[in-house]
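Q: Sharing a structure, written as structure tokens. Questions coming.
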Amino acid sequence: MSSLVKCPHCGLRPREEFTIRGEVATPRPAAGADEAAWFDHVYLRDNPRGEHREYWHHSGGCRRWLVLSRNTLTHETSEVVDASTLKSEGGA
Amino acid sequence: MTSFRIDGGTLIDRNDVRRFTFNDEALTGFGGDTVASSLLANGKQLVGRSFKYHRPRGILTAGAAEPNALLTIGRDGRRGPNTRATMAELFDGLEARSQNCWPNVNFDIGAMNGVLGPLLGAGFYYKTFMWPAAFWEKVYEPLIRKAAGLGRASYDPDPGYYEKCWAHCDLLVIGAGPAGLAAALTAGRAGARVVIADEGAHLGGGFLAEGSPLGGKPADAVLADIVGELHALPNVEIKKRTTVFAAYDDQVFGAVERVQKHLPEHEINPHRAMERLWRIVARKVVLATGAEERPIVFGGNDRPGVMMAGAMRTYLNAYGVAPGKRVALFANNNQAYQTAMDLEARGIDVAAIIDPRTCPNTGYDGKARMIAGAMVRDTAGRKAIKSITVRHDDGRDEVIAVDALAVSGGYSPIVHLACHRGGKPVWSDEHVGFMPPESTDGMTPCGAVAGKTGIAACFAAGGAAAVTALAELGVMGEAASLPDIKQGDEKTDHIQPIWSVPSSKGKAFVDYQNDVAASDITLAMREGYDHVELAKRYTTNGMATDQGKTSNVNAIGILAENKGVSPGEIGTTTFRPFYTPVSFGALVGASKGMEFQPVRKSPLHGWAERNGAKFVETGLWYRSSWFPKDGETFWRDSVNREVKAVRSKVGVCDVSTLGKIEVFGADAAEFLNRVYCNAFLKLPVGKARYGIMLREDGFVYDDGTTSCLGENHYFMTTTTALAAGVLTHLEFCAQVLWPELDVRLASATDQWAQMAVAGPKSRDVLAKIIDEDISNEAFPFLAAREVSMFGGRLKGRLFRISFSGELAYEVAVPAGYGESVADAIMAVGEEFGITPYGTEALGVMRIEKGHVTHAEINGTVTPADLGMGKMVSVKKDDFIGRVMNLREGLVDPDRPSLVGIKPKSPSDKFATGSHILNPGDAVSLANDQGYVTSMCHSPTLGHAIGLALVKNGPSRHGEEVVIWNGLAGTTVNGILCDPAFVDPENEKLHA
Amino acid sequence: MRYSALSLLGNAFSKNKNWKPAWRNPDPKPRYDVIIIGGGGHGLATAYYLSKVFGVRNVAVLEKGYLGSGNIGRNTTIIRSNYLLEGNNPFYEFSMKLWEGLEQDFNFNAMVSQRGVINLFHSDAQRDAYTRRGNAMRLHGVDADLLNRDQLREKLPFLDYENARFPIMGGLMQARGGTVRHDAVAWGFARGADQNGVDIIQNCEVTGIDRDGDQITGVQTTRGAITCNKLAMAVAGSSSHVAKMVDMRLPIESHALQAFVSEGLKPFIDTVVTFGAGHFYVSQSDKGGLVFGGDIEGYNSYAQRGNLACVEHVAEAGMAMIPALSRVRILRSWGGIMDMSMDGSPIMDRTHLSNLYFNGGWCYGGFKATPASGYCFAHLLATDTPHETATAFRMDRFARGYLLDEKGVGAQANLH
Amino acid sequence: MRDYPLENRYAFPAHEVAFNKGASISLSPVKGGFVVHVLGDAKSDEAALKQTINKIAPELGTDVRGHSPNQWFWVGSVDISNDRLAEISAALHPQFVMTDQTHGRVRMKLSGPSSRVVLAKGTMVDLSPDLFAIGQSAMTQIGHIGAMITRVADDSFELIVLRSFAGSLWDELQHMAAEFSHG
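Chains as they are written, first to last, in the working numbering: chain A, 1 to 92; chain B, 1001 to 1991; chain C, 2001 to 2416; chain D, 3001 to 3183.
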């Protein structure tokens, strides 16, 4: 979904209400991690042609960060979740 | 002038006579006419000139695909170039003009290009105009540009109001022909929310062109019944004059409604939109866009008087306009024969029917002479057709005198909207056309776009399509039906593809508007541009305002024929939005001029206005930038006075636009400690601290102060520019990175009116309105807390912080009270010589003090670059940006770092954005030492001062440099110095 | 066949029946010295300069679609060298100099039109930033001029000077900037490379890359396996996708950018103009259409199309700059996929594999860079050292912290 | 100077009602009352908030409008003193924290048969009566301006907007409603 996003809190909303950050990168490294891990986290991206997880912020609505699972070829979104759920899954 | 108006015409109202002008000639038409139908009725066959060869052109179609009849309609602010005469409704007083001709449409000098035709074949530009090198811009291109373009844009402001809307529906029906009407009726009766949109002024599509009765009833009466029922259904929204121009993701459709474009000036309601953009959110879609009749490519096929057969039928039946007195038909399909029958029914002489099929089984039983197995190879006539040359199957030529020729080469389904989201149309040998793609993403094509012919068949298909779509939504529906009509004759039609007439004499046009002939397509192939996209780009076929609606399939056919493959193997070029062109006005809506972006106003805006402020746009805000007094003619006079007043007495400045964020929660301190690079864990209640926020890549993001107002309650300020960005960043940290922390963020920017009260007398002023002890002991530098004001009548927040470098406070009060409090401060401050000051004076004072803003924090600096490297905690094991801040490139000693800079000679001036060179060095990028980030005239020091980022800056204080401004052609000798020009020991701050 | 006034005239007399193909349509050979993946502008330019300047002629360009079907065929045709940073500016100026002699060099009129590029500014801060930029350009000998309102009004009378939400203060002009007929650049390079013996192989998609240790041995394609000594990637838009074949992750996200053209109008915009209070840039083509664009869509995409929100956004900015556009109708929009790098600047470097070379990450800036990108990439391929103007485009600059961030927005691809 | 007059100024233009009597639309500012931003902890919910409010401040009503998980605007029509607010705040703590937004967020009301058509010119949220019930709220964008829309009666909507944007939103709504303004 690149025209409309089904916000889990607000329902169907237009692209205009969102601010997009980009790919959900590798999880933020732990405090003691080395520079290579940080470089990977900050700069490297899978950037797949197909299924992609990415951060959208509902800045014009509930102001929650969401994670969209969206296909970069078809623009179809299979899932939208609140991004706070990511960390408990080891993903943020 | 002969009138071609005859009896009949279901759409026109003969009692409503409308006057209009065409190229300054006064003409009349009727209500219900299009500009095209009224021109034809007036015998105007020649209406425009083509783009490249300036050939005379007439009206080809009766709809949106029109490639020729583009006129400039209207005058002054309402002048619309390139308007399709076939779509523009006639109103009283309309002014229409031909384009692309000089001196006039009848005698056009540009037609000389036609003589050079052989030289100007496809791609000739690319092979020439290269010699000599300098001549392209100076000689050739200006000549080409002189000839470029169609209509002329108007500089006059557009007086029209425009707007944008959202619409929601269960079923969007695109096209209100027989299929679309049936779909809408079916869904409407079933109770679904329906939007039906049609680009025309009238619902009906194929009904409108129909001259014969349907089931014993006139076609227009059948149509009236259907439309009447639709209007009566409250759940059906009918949008006429509305073109669905694009299909976007998630079933969002762009549509433009021409609300008042068809009205004369005096009937236009200024409060209503001229055009309205609709974003339609549909759960399901029925695509009933119909099919476009294809021209046939033959010699002289562009002569005025040559017209699509279906269009001719529309003009005849809907508008009561005869195409001529003696008409021929050139067609390769049975459907087109209906035109001959209708012409004859109106008593118009059909001279001949030329059909390339050898023994067509058409069922035609009219009077016209049938010439089977033959093709039209040429036409004659200077500005309108006089005769056609027919090549018989035995190779014999015959010239037949005609004054109009109807042409039909088959039908191309209008599949655009089914393909905007990446779908590829599919070639059908049966239908001799590209059909909508199989996977249509919630969209059901039906009717002519799906290959049906005939009103009955299309109507039935529309009803069935709606039933299917509704079922997917869980709604039961019954297909609407037409009473008592026999099925269409689609099965009996046999179209014989004919892409171009091989015996064509002279230019045979594929793309009329861009003057692309069949020979251009074959030339492109010969030169290797044989991919359909390359052929398009090389010849410009299909790139005109009609986007190839009548030409693309013929071009593909010619490519296929020459390669010996099926058109399906050639494929189409990509169908892109927009289906027909959409005005900027509609896409912009009301967001224009001063309403381009909303305005944010400070709660102290009124106060500043009353004090004579000049405002400056800062993002969306208007900020007071200086406060001129009588006699001050130059802004800097006011700024100098304001600075001096603050430095010597006291001033008040609106700082309400700073971002303000309330931070709550048991883990708020921990959170702040992680988002700032300096320590925040031990900030005591009642204290403020300056903080630097890094991005995760280690560069400085923003700075500001954060105060601890209570246990687990902090108040953060950000810069004005990044207020929204910082909040978004903090929300990311809180929600995504550390959801386990109890931290709750609330934007409070708009709740508070905040004023900086600065200067040696600031304490004296504030003591008069603040109830509590604010002496240096009781309220020292960086104190911050809630205070009682005006004898307990108001609660505010007081912060002892300073951007100016003076003894200073920021006081925040609930926004509604802001103006009263500012007035009070001015009143109590009068005895101390208080003055309001703006952002300009604030800017001067912060430069004098060496404080940085986003002029320095430009996204590429580190804290160390700003001389604040020591603030970066080495004790904290984690904060945003910690690790990346340590990269080699970020600690490189050669990095440009903050210094002050001043002219060697105090009278010299220099500009921000000047670069720094070492004395004696050559002017080159390699010798660049850095640049001036900020500068001002310092009224305190009496000369220009600046801040700069210079390689190794801090170790070079006292060094002489060259301040180089090549843009202005100036060089000034400067001296690098400490950035704190005023009070480097911070004595004033702590006073 | 060399194009000349004579050849044009001669062919006109023979009814244009004797024109020869502009390039061959060869089958792939089993082996090449250099294989370039990507028959877009950069790949074709690389092949052209490899064969012409560096004498490497046993070269194949593999294109999955038709030649020039990438971003060279879907941009807004602007050329300029108004860059700020020392790592960028000399490269883009080198490119500008190549543009200036390109048509005579490859004997194809690409309609290089130096009609000027003007960037508007609306605030003191923007003026200061443009002063810094203009001076950086001048330091390198690039033309730059700061125009005030009156000078602008003379050149661009159609801008909104009276009723603008963000009043126009002035503009930074590069008179040598301008536009080029984009498709013709691909065709000119293709024709030139082909004449030098380069095989341009269309409809040939690379599906796999063969390796032996840290050596590339060849590629698998839809037209069979081909071996090579050196493999070069010039597939901006699909960089990550192809890099994945050799397990490379890149500091790049792919984003869609829409561009637009209006109906043909009589010429009134003579220069390229960019708005400073919104994202909008426009020029008018020699056919009369206004060619314009704005910001990327914001989300990762390989779909070569955009959405309505962005269309409206671009239109709003356009009309804020030029109110007369209100009645102008937009004819067509199209989409391209941008390699958005994490600092907004390109990458041209060797890789972790000894004979694999990478060229990508051009963000919006790829078209204007085409000749220099080709030249410098050819230099790198032929000599294994970067061209002197392209030394900063290193792959390791992100890890080491030597970023080329013209905008200063940091490691977020869609902000560049 | 302790008796210096303190006036609470509203963020709207001087005129209060934008349209003629008899028009199918009316627009008016909502003056007075309070808007409090309530932020709950991760485990909080609206029922608990309403229950607590009912317990400690029944006189203020429980018009709470959720705009984000665990976040609400608590809106009421009476004025509350700082002290009373502090009391309530203390009673809600720590499950809920609150911060006064009475000055930062201003309210206006759009009513009449054309109100949905007017709002559809700004927001994508589908406000049809069967989908958007009385009492329902949506934090959304009206054109370029963020606002919370609450349906307060059949054809009547209350909007909450940041104070600094109030003037612009007011003007935009007037433009959007103008075609219905003549009765």
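Cβ coordinates follow ideal geometry from the N, Cα and C atoms, glycine included.
From ARG1674 of chain B to VAL24 of chain A, what does the alpha carbon distance come to, in whole angstroms?
A: Taking the straight line from one Cα to the other gives about 21 Å.
Q: Three-state secondary structure (DSSP) at ASP1302 of chain B?
A: Coil.
Q: Mapping DSSP to helix, strand and coil, what is GLY1029 of chain B?
A: Of the three classes helix, strand and coil, the one that applies to GLY1029 of chain B here is strand, per DSSP.
Q: Thinking C-alpha only, which one of B:VAL1115, B:ARG1189, B:PHE1680 and B:LEU1798 is nearest ARG1763 of chain B?
A: The candidate whose alpha carbon is nearest that of ARG1763 of chain B is B:LEU1798.
Q: Just curious, the beta strand (DSSP E) that ILE2252 of chain C is in, first and last residue?
A: 2252–2264 is the span of the beta strand (DSSP E), which, as asked, contains ILE2252 of chain C.
Q: Less than 8 Å between the CB atoms is what I'm expecting for GLY2264 of chain C and LEU1040 of chain B, so what's the real figure, rounded?
A: Not a contact, Cβ separation roughly 25 Å.
Q: Rounded to the nearest angstrom, what separates TRP1964 of chain B and ASP2027 of chain C at their Cα positions?
A: Taking the straight line joining both Cα atoms gives about 58 Å.
Q: Mind listing which residues of the stretch 3066–3080 of chain D have their C-beta closer than 9 Å to chain A's C-betas, in chain order?
A: Within the stretch 3066–3080 of chain D, the residues whose Cβ lies closer than 9 Å to some Cβ of chain A are GLY3066, HIS3067, SER3068, PRO3069 and GLN3071, listed in chain order.
Q: Strictly below 7 Å CB to CB, what residues from chain B border SER84 of chain A?
A: Within chain B, the residues near SER84 of chain A are GLN1735, VAL1736 and PRO1739.
Q: Run the CB neighbour count on HIS2387 of chain C, radius 10 Å, all protein chains shown included, and call it buried at 16 or more, exposed below.
A: Buried is the call here.
Q: Quick one: residues in its chain with C-beta nearer than 7 Å to the C-beta of PHE1004 of chain B, no 5 flanking neighbours on either side, listed in chain order?
A: Closer than 7 Å at Cβ, skipping near neighbours: LEU1040, ALA1041, GLY1043, VAL1321 and ALA1322.
Q: Kindly give me the distance between the Cβ atoms of VAL2117 of chain C and ILE2078 of chain C, rounded to whole angstroms, as I take these residues to be in contact under 8 Å.
A: Sure, about 7 Å apart at Cβ, within 8 Å.
Q: Taking 8 Å as the threshold (beta carbon to beta carbon), is PHE2398 of chain C in contact with chain A?
A: So, interface residue.
Q: Check this for me: beta carbons of LYS1902 of chain B and ILE1945 of chain B, under 8 Å apart or not?
A: For LYS1902 of chain B and ILE1945 of chain B, yes; Cβs fall inside 8 Å.
Q: What does ALA3133 of chain D touch in chain B if you count any residue whose Cβ is under 8 Å from its own?
A: Neighbours of ALA3133 of chain D on chain B: none; closest Cβ ~16 Å, over 8 Å.
Q: Considering only C-alpha positions, which residue in the set B:ALA1679, B:THR1618 and B:CYS1101 is nearest to GLY1659 of chain B?
A: For GLY1659 of chain B, the nearest C-alpha among the options comes from B:THR1618.
Q: Mind checking whether PRO1356 of chain B and ALA1374 of chain B have CB atoms under 8 Å apart?
A: Yes. Within cutoff.
Q: By Cβ distance below 8 Å, which residues in the same chain neighbour GLU1856 of chain B in space, the five residues on each side in sequence not counted?
A: Excluding positions up to five away in sequence, the list reads LEU1866, LEU1898, THR1933, SER1934, LEU1947 and LEU1949.
Q: Just to confirm my understanding: we take ARG1421 of chain B, look at its own chain, exclude 5 residues before and 5 after, and list those with CB closer than 8 Å. What are they?
A: Cβ within range, chain order: ALA1247, TYR1248, ASP1249 and ASP1441.
Q: Quick one: grab the DSSP three-state call for SER2240 of chain C.
A: Helix at SER2240 of chain C.
Q: Below 7 Å between beta carbons is the criterion; list the residues of the stretch 13–42 of chain A that meet it against any residue of chain G, in chain order.
A: In the structure shown, chain G cannot be found, because the protein chains are A, B, C and D.
Q: Using the Cβ count rule (16 or more neighbours within 10 Å means buried), how would you classify ALA1179 of chain B?
A: By the neighbour-count rule (16 or more Cβ atoms within 10 Å), ALA1179 of chain B is buried.
Q: Ends of the beta strand (DSSP E) at GLN1735 of chain B?
A: Premise fails: GLN1735 of chain B is in no beta strand (DSSP E) and is neither H nor E.
Q: If you reduce the DSSP assignment to three classes, tell me which class PHE3157 of chain D lands in.
A: In this structure, PHE3157 of chain D counts as strand in the three-state DSSP scheme.
Q: What runs of the alpha helix (DSSP H), each 4 residues or longer, lie entirely inside the stretch 1823–1885 of chain B?
A: Qualifying alpha helix (DSSP H) stretches, in chain order: 1839–1849.
Q: Residues of the stretch 3116–3147 of chain D in Cβ contact with chain A at a cutoff of 7 Å, in chain order, please.
A: Cβ contacts with chain A: MET3124, ALA3138, MET3139, THR3140, GLN3141 and GLY3146.
Q: Closer than 8 Å by C-beta to ILE1769 of chain B: which residues in its own chain qualify, once you throw out the five before and the five after it? Chain order, please.
A: If we look at ILE1769 of chain B and ignore the five residues flanking it on each side, its Cβ neighbours are MET1789, PHE1790, VAL1821, ALA1824, ILE1825 and VAL1828.
Q: Looking at chain A, which residues of the stretch 1231–1252 of chain B have a Cβ within less than 7 Å of any of its Cβ atoms?
A: Residues passing the 7 Å Cβ filter: TYR1248, ASP1249, ASP1250 and VAL1252.
Q: Would PHE1910 of chain B pass as an interface residue toward chain A - the criterion being a Cβ-Cβ separation below 8 Å?
A: Taking Cβ atoms only, chain A never reaches closer than 8 Å to PHE1910 of chain B, which makes this a no.
Q: Hey, would you say ALA1911 of chain B sits closer than 8 Å to ALA1968 of chain B, going by beta carbons?
A: Yes.
Q: For VAL1115 of chain B, count neighbouring Cβ atoms within 10 angstroms of its own Cβ and tell me buried if that reaches 16, exposed if not.
A: So VAL1115 of chain B counts as exposed.
Q: Can LEU1807 of chain B and ALA1991 of chain B be called in contact, C-beta distance under 8 Å?
A: Their beta carbons are under 8 Å apart, which means LEU1807 of chain B touches ALA1991 of chain B by this criterion.
Q: Between MET1884 of chain B and chain A, is there a C-beta pair that is closer than 8 Å?
A: It does: the Cβ of MET1884 of chain B has a partner Cβ on chain A nearer than 8 Å.
Q: Thinking C-alpha only, which one of C:GLN2195, C:ASP2212 and C:VAL2246 is nearest VAL2206 of chain C?
A: Looking at the Cα atoms, C:VAL2246 is the closest of the given residues.
Q: Do you know offhand how far MET2137 of chain C's Cα is from ALA1926 of chain B's?
A: Those two C-alpha atoms are separated by around 12 Å.
Q: Within 8 Å (strictly less), CB to CB, does GLU54 of chain A reach chain C?
A: Answer yes: the Cβ-Cβ gap between GLU54 of chain A and chain C drops below 8 Å somewhere.
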